[in-house]
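Accompanying notes for the structure given below.
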Amino acid sequence: MIEIGIAGKPNAGKSTFFRSATLADAEIANYPFTTIKPNIGIGYVRVKCVCEELGVKCEKCINGWRFIPVKLIDVAGLVPDAHKGRGLGNEFLDDLRQSEAIVHVVDASGSTDENGNEIGLGERDPVEDIKFLLNELDMWIFGILKKNWEKVVRKAKAERKDYAKFILEPLSGLGFEESMIREAFKGHEDIQKLGDEELKVIAKELREKRFKMVISANKADKAPKELLEKLKRYNNSVVPTSASYELTLRTASKAGYITYLPGDPDFKILKELNEKQKKALEKIRDYLGVFKSTGVQDTINKLVFDILGYIVVYPVEDERKFTDSKGNVLPDAFLVKKGTTAKELAYKIHTDIGRGFIYGMDAKKKMRIAEDHELNNNDVVKIVSSA
Numbered sequence: 531m532i533e534i535g536i537a538g539k540p541n542a543g544k545s546t547f548f549r550s551a552t553l554a555d556a557e558i559a560n561y562p563f564t565t566i567k568p569n570i571g572i573g574y575v576r577v578k579c580v581c582e583e584l585g586v587k588c589e590k591c592i593n594g595w596r597f598i599p600v601k602l603i604d605v606a607g608l609v610p611d612a613h614k615g616r617g618l619g620n621e622f623l624d625d626l627r628q629s630e631a632i633v634h635v636v637d638a639s640g641s642t643d644e645n646g647n648e649i650g651l652g653e654r655d656p657v658e659d660i661k662f663l664l665n666e667l668d669m670w671i672f673g674i675l676k677k678n679w680e681k682v683v684r685k686a687k688a689e690r691k692d693y694a695k696f697i698l699e700p701l702s703g704l705g706f707e708e709s710m711i712r713e714a715f716k717g718h719e720d721i722q723k724l725g726d727e728e729l730k731v732i733a734k735e736l737r738e739k740r741f742k743m744v745i746s747a748n749k750a751d752k753a754p755k756e757l758l759e760k761l762k763r764y765n766n767s768v769v770p771t772s773a774s775y776e777l778t779l780r781t782a783s784k785a786g787y788i789t790y791l792p793g794d795p796d797f798k799i800l801k802e803l804n805e806k807q808k809k810a811l812e813k814i815r816d817y818l819g820v821f822k823s824t825g826v827q828d829t830i831n832k833l834v835f836d837i838l839g840y841i842v843v844y845p846v847e848d849e850r851k852f853t854d855s856k857g858n859v860l861p862d863a864f865l866v867k868k869g870t871t872a873k874e875l876a877y878k879i880h881t882d883i884g885r886g887f888i889y890g891m892d893a894k895k896k897m898r899i900a901e902d903h904e905l906n907n908n909d910v911v912k913i914v915s916s917a
């Protein structure tokens, strides 16, 4: 399952984003360091289910929408110089190491300072919050390189072997791959000549390759328009978001007061509401009229599909009825990277099925596909295996 870290400074709305996406319990308060240990829950990407295209009925989607699970990790708030141990220190940077990518929740309203303390609306430039998190990640990686650098240089010189393997050793626990090391150090292969400034530049390049990111411009419901526009100009991966509105809608839907699916542009009221409830929902509806969604679902979808490049494929056992062996229609939806082959999908289903792979079947076209055939979004695939 894809693992996504939710990061940002304290009081930016990370835990609200997490709760609104997962409906998992997480403490929320308007003071720094509400989150001490990372909260872990299940969120979802939302896609149009292929059942409508195929003309079949499946029991896995809601009104034609398929929700595919991803793991969300809400780490505690980061403050400037966290890589030096300030605030709650490196442990929260460490919590990001297992994440494939990051949702950076930024206070787009500019109403909290760099440490997460409340200030006046618009008094803080949210672009500075983006810069600070990137700098913390860069300095975190630089610190690891610096700490191990003499040892790396000494081993590479003594053993006369490829430098990349020695550099990778202290970084492998962060999810780095050898190819990332080689790309970042291109033009700097003579590692004995590298000083701190060069290593800082390389650390930035490593971060860009490893930690893909989307910006959730949170508190957009009260953010000055000029701050939202500035964020969009600074970074093209910005999604205006109101996590508090999404949480209200998800909670009201769960209680049966409204019908609402995450990512919907509107909702339908089902029960009689008091005046306070009516006003709250009217305010949210006005917001949806402008932004078309609360932004929470859009943020997750953008990260998974646009930034990370995943597609959806549907493995089946009966290519004629699009079912598994028990007759369930389109029982599974897998998130796989663009370029994934039929044989690689077989391994994702089960190692034994991958080992025994004979051929694949495009269930839509009723055609055989080879092991190196690259899958496309919304493919329905049968794997024929000796396992």
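Position one of the sequence shown corresponds to residue 531 (our numbering), numbered consecutively onward.
Backbone N, C-alpha and C fix where the C-beta goes; we use that ideal spot for every residue, glycine too.
At the C-beta level, K676 and D726 come within 8 Å of one another. Here the alpha carbon of G786 sits roughly 7 Å from the alpha carbon of L800. Within the same chain, and ignoring the five residues on either side of V577 in sequence, the residues whose Cβ sits closer than 6 Å to its Cβ are R596, V842. Secondary structure at E727: helix, using DSSP grouped into helix, strand and coil. The DSSP-derived three-state label of P795 is coil.
Residue environment analysis places M743 among the buried positions, since at least 16 neighbouring C-beta atoms fall within 10 angstroms of its C-beta.
Going by DSSP, L602 is part of the beta strand (DSSP E) stretching over 595-604. Within the segment 667-732, the complete alpha helix (DSSP H) segments of 4 residues or longer fall at 693-701, 708-714, listed in chain order. Secondary structure in the segment 838-889: the beta strand (DSSP E) runs of 3 residues or longer, each lying completely within the stretch, are 840-846, 864-867 in chain order.
Linking E533 to K687 through their CA atoms gives a straight-line distance of about 37 Å. Only residues of its own chain outside the window of five on either side were considered, and among them K873, A876, Y877 have a CB closer than 7 Å to the CB of G884, listed in chain order.
Between K894 and the set E849, A917, I879, H903, the nearest pair of CA atoms involves E849. Your pair Y574 and V605 does not check out as a contact, with CB atoms roughly 20 Å apart and the cut at 8 Å.
The continuous alpha helix (DSSP H) containing N831 extends over residues 826-831.
DSSP, read as helix, strand or coil, puts R576 in strand. M897 is classed as exposed because its beta carbon has fewer than 16 other beta carbons within 10 Å across all chains shown. D668 sits close to A733, with the two beta carbons spaced by under 8 Å. Around K912, the same chain offers P845, V846, E847, D848, E849, G890, M891, A893 as residues with beta carbons nearer than 8 Å, after the five sequence neighbours per side are excluded.
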